[in-house]
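Residue numbers (this note's numbering), protein chains in the order written: chain A, 200 to 436; chain B, 178 to 381.
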């Protein structure tokens, strides 16, 4: 175990580039992982998601999206409560209750129609709300953009994933697979726009990740930043 | 009598002035709904005619954007190091790139509903944020926030935030990396190469 940690530390420090962003000390390694993920996406994930998007009727895709959205709501509620937002957390469970019963096992998001809006919470956001800094940027294999804080948060999300409790491994992996395809197919347009808009896709995506996560931690109302995050590296403040 | 006349004139002038400047939230709503309706009616655009969509954006949307402000904010401190001619060229290339991005975003629009939020600003504010949300069942609404400034020719957008990501701020690192590596001319070269590559992809 110890040699493994040593190897990782050496790999990380060896890859660290000098001219980069202070939030991204492992840029060299991250770019390697990024290009691996990009290939995986281009040759496997994106084509499959494209087929799913083009050949499965949008009505059915809506049901699939709703189903996975519904089983995530209880943990979203827990995270809201951990952040002290008891009312929001309570309504996440109300959503789960309504949608699981009247919404036919979550296939229909009737709670949204009733005015109970869906929230976006996870453990990474909870840690952020508790004051944890993001730490360095990390590109995780397969999973993509993350940070030290959000990567640890993702570990907790994974451990509390309701599908993790499924006894049969084939059913569990099958459902995870469908969820990944569903999420990716919803992002087909976004990834196309990113490709067109960015001069350097890696940098563009990294900066968008930090902005997006910051906004989510503050539920869309981040305090006005005095250009702390956006001052380019190497320039005086 | 003169006083009443003067008062009436002042009122009329004030009224005329208020008429000229459409309030920012009203402007966003009008333009959004108009553009979405025009696209819905146009078979060619819905069929993927990118040139026509860009033409529509040029006519209806561009007049309400301040691209000089956008370019200046994206460049940050490098903006002051640029010559007037360089500033002009960066603005032009950046505008072309943003219009394309905007066109792609509009092309992916498929009947989602808009929720135009009431404006939270004081009457004499000259810098406001107009909040719009795109609603889709099963997922969290996507907020689109327009940062707008008051100018003599009406309210102008100088940044768009989608899901909390500021478009202008997101270009800042890229722009500054390029300026540091190869100067403002390097940035211009890179932007125009990007635009030409995208144009080429369109023609295929």
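Ideal Cβ positions, reconstructed from N, Cα and C, are used throughout, including at glycine. Just so you know, these numbers come straight off a predicted model, no measurement behind them.
Problem set entry | Beta-carbon proximity list for residue 371 of chain A, same chain, < 8 Å, skipping 5 on both sides | Same-chain partners within the cutoff: 362, 363 and 365.
For this session: Compute the Euclidean distance between the alpha carbons of residue 217 of chain B and residue 223 of chain B, then round it to the nearest angstrom.
Result: Taking the CA atoms as reference points, residue 217 of chain B sits about 7 Å from residue 223 of chain B.
For this session: For residue 431 of chain A, decide whether its Cβ has a neighbour in chain B, counting only Cβ atoms nearer than 8 Å.
Result: With a pLDDT of 43 at residue 431 of chain A, under the threshold of 50, the modelled position of that residue is not reliable, and the figure given next carries that caveat. At least one C-beta of chain B is nearer than 8 Å to the C-beta of residue 431 of chain A.
For this session: Measure the beta-carbon distance from residue 267 of chain B to residue 247 of chain B and round it to whole angstroms, keeping in mind my assumption that it falls under 8 Å.
Result: A Cβ-Cβ distance of about 10 Å is found for the pair residue 267 of chain B and residue 247 of chain B, leaving them out of contact under the 8 Å criterion.
Problem set entry | 8 Å CB neighbourhood of residue 394 of chain A in its chain, flanking five on each side removed | Listed in chain order, the non-local C-beta contacts of residue 394 of chain A below 8 Å within the same chain comprise 400, local neighbours out to five positions each way being set aside.
Problem set entry | Residue burial classification, residue 254 of chain B (beta-carbon count within 10 angstroms, cutoff 16) | Burial check for residue 254 of chain B: the Cβ neighbour count within 10 Å stays below 16, so the residue is exposed.
Problem set entry | residue 313 of chain A - DSSP class collapsed to helix/strand/coil | Residue 313 of chain A falls in the coil class under three-state DSSP.
Exercise. Can you tell me the Cα-Cα spacing of residue 336 of chain B and residue 226 of chain A, whole angstroms?
Worked result: So the two alpha carbons sit approximately 28 Å from each other.
Exercise. Would a C-beta distance cut-off of 8 Å place residue 325 of chain B and residue 319 of chain B closer than the cut-off?
Worked result: No, these two residues do not count as a Cβ contact at 8 Å.
Exercise. So, does the CB of residue 318 of chain A fall closer than 8 Å to a CB anywhere in chain B?
Worked result: Output row for residue 318 of chain A: interface = yes.
Exercise. Could you give the distance in angstroms between the alpha-carbon of residue 329 of chain A and the alpha-carbon of residue 275 of chain A?
Worked result: Going from the Cα of residue 329 of chain A to the Cα of residue 275 of chain A covers about 16 Å.
Exercise. What's the C-alpha gap between residue 429 of chain A and residue 335 of chain A?
Worked result: Caution applies to residue 429 of chain A, whose pLDDT of 45 falls short of 50 and renders its modelled position unreliable; the value that the coordinates give is listed next. For the pair residue 429 of chain A and residue 335 of chain A, the Cα-to-Cα distance works out to about 15 Å.
For this session: Please confirm if residue 282 of chain A has its CB atom under 8 Å from at least one CB of chain B.
Result: Chain B contact via Cβ: absent.
For this session: Give the range of the alpha helix (DSSP H) segment to which residue 338 of chain B is assigned.
Result: That residue, residue 338 of chain B, is in no alpha helix (DSSP H); its beta strand (DSSP E) goes 331 to 339.
For this session: Determine the direct distance from the alpha carbon of residue 421 of chain A to that of residue 220 of chain A, and round the result to whole angstroms.
Result: In a straight line, the C-alpha of residue 220 of chain A is about 22 Å away from that of residue 421 of chain A.
For this session: Provide the residue(s) that pair with residue 336 of chain A in DSSP beta bridges, ordered along the chain.
Result: A/346.
Exercise. Grouping DSSP H, G and I as helix and E and B as strand, with all else coil, what is residue 308 of chain B?
Worked result: If DSSP states are grouped into helix, strand and coil, residue 308 of chain B belongs with the strands.
For this session: Output the boundary residues of the beta strand (DSSP E) element that contains residue 322 of chain B.
Result: Unbroken beta strand (DSSP E) run through residue 322 of chain B: 319 to 328.
Exercise. Residue 406 of chain A lies in the beta strand (DSSP E); which residues open and close that run?
Worked result: In the DSSP annotation of this structure, residue 406 of chain A is not part of any beta strand (DSSP E); the continuous alpha helix (DSSP H) holding it starts and ends at 400 to 416.
Exercise. When you check each C-beta in the stretch 249 to 279 of chain B against every C-beta of chain A, which residues fall closer than 9 Å?
Worked result: Per Cβ criterion, the list reads 253, 254, 255, 274, 275, 277 and 278.
Exercise. Which first and last residues belong to the beta strand (DSSP E) in which residue 291 of chain B is found?
Worked result: 290 to 293 is the extent of the beta strand (DSSP E) around residue 291 of chain B.
Exercise. Can you check whether the CB of residue 312 of chain A is closer than 8 Å to the CB of residue 265 of chain A?
Worked result: Judged by their CB atoms, residue 265 of chain A and residue 312 of chain A are not nearer to each other than the 8 Å cut-off.
Exercise. Can you tell which of B/345, B/373, B/353 and B/290 has the C-alpha that lies nearest to the C-alpha of residue 245 of chain B?
Worked result: If you compare the alpha carbons of B/345, B/373, B/353 and B/290 with that of residue 245 of chain B, the shortest gap goes to B/345.
Problem set entry | For residue 307 of chain B and residue 206 of chain B, the rounded distance between their alpha carbons | The alpha-carbon atoms of residue 206 of chain B and residue 307 of chain B are separated by roughly 10 Å.
Exercise. Residues in its own chain within less than 8 Å of residue 212 of chain A by CB, not counting five upstream and five downstream?
Worked result: Residue placement at residue 212 of chain A is flagged as unreliable, the pLDDT there being 47, under the threshold of 50; the coordinate-derived value follows with that caveat. Here the set comprises nothing.
For this session: Go through its chain and collect everything with a Cβ distance to residue 359 of chain A's Cβ below 7 Å, but skip five positions before and after it.
Result: These residues qualify, in order along the chain: 274.
Exercise. Leaving out five residues before and five after residue 217 of chain A in sequence, what residues of the same chain have Cβ atoms less than 6 Å from its Cβ?
Worked result: In this prediction, residue 217 of chain A has a pLDDT of 44, which is less than 50 and means its spatial position is unreliable; what the coordinates show is noted afterwards. Excluding sequence neighbours, residue 217 of chain A sits near nothing in its chain.
Exercise. Any Cβ of chain B within less than 8 Å of the Cβ of residue 215 of chain A?
Worked result: Only weak support is given to the placement of residue 215 of chain A: the predicted model assigns it a pLDDT of 43, under 50, and the value that follows is read from those uncertain coordinates. At a cut-off of 8 Å between beta-carbon atoms, residue 215 of chain A makes no contact with chain B.
Problem set entry | Span of the alpha helix (DSSP H), counted from its first residue to its last, around residue 272 of chain B | Unbroken alpha helix (DSSP H) run through residue 272 of chain B: 261 to 284.
For this session: Kindly indicate the opening and closing residues of the alpha helix (DSSP H) around residue 273 of chain A.
Result: 257 to 281 is the extent of the alpha helix (DSSP H) around residue 273 of chain A.
Exercise. DSSP three-state call for residue 438 of chain A: helix, strand or coil?
Worked result: With chain A covering 200 to 436 only, the question about residue 438 of chain A has no answer from this structure.
For this session: Can you have a look at residue 370 of chain B and say buried or exposed, based on whether 16 or more other CB atoms are within 10 angstroms of its CB?
Result: Residue 370 of chain B is exposed by the Cβ-count criterion.
Exercise. In three-state terms, what does DSSP make of residue 225 of chain A?
Worked result: DSSP places residue 225 of chain A in coil when its eight states are reduced to three.
Problem set entry | residue 200 of chain A, buried or exposed, once every other Cβ within 10 Å from all chains shown has been counted against 16 | Unreliable positioning characterises residue 200 of chain A in this predicted model, as indicated by a pLDDT of 45, which lies under 50. A coordinate reading is not provided.
Exercise. For residue 331 of chain B versus residue 199 of chain B, is the C-beta spacing smaller than 8 Å?
Worked result: Yes, these two residues count as a Cβ contact at 8 Å.
Problem set entry | residue 385 of chain A versus residue 415 of chain A - alpha carbon distance | For residue 385 of chain A and residue 415 of chain A, the distance between alpha carbons rounds to 19 Å.
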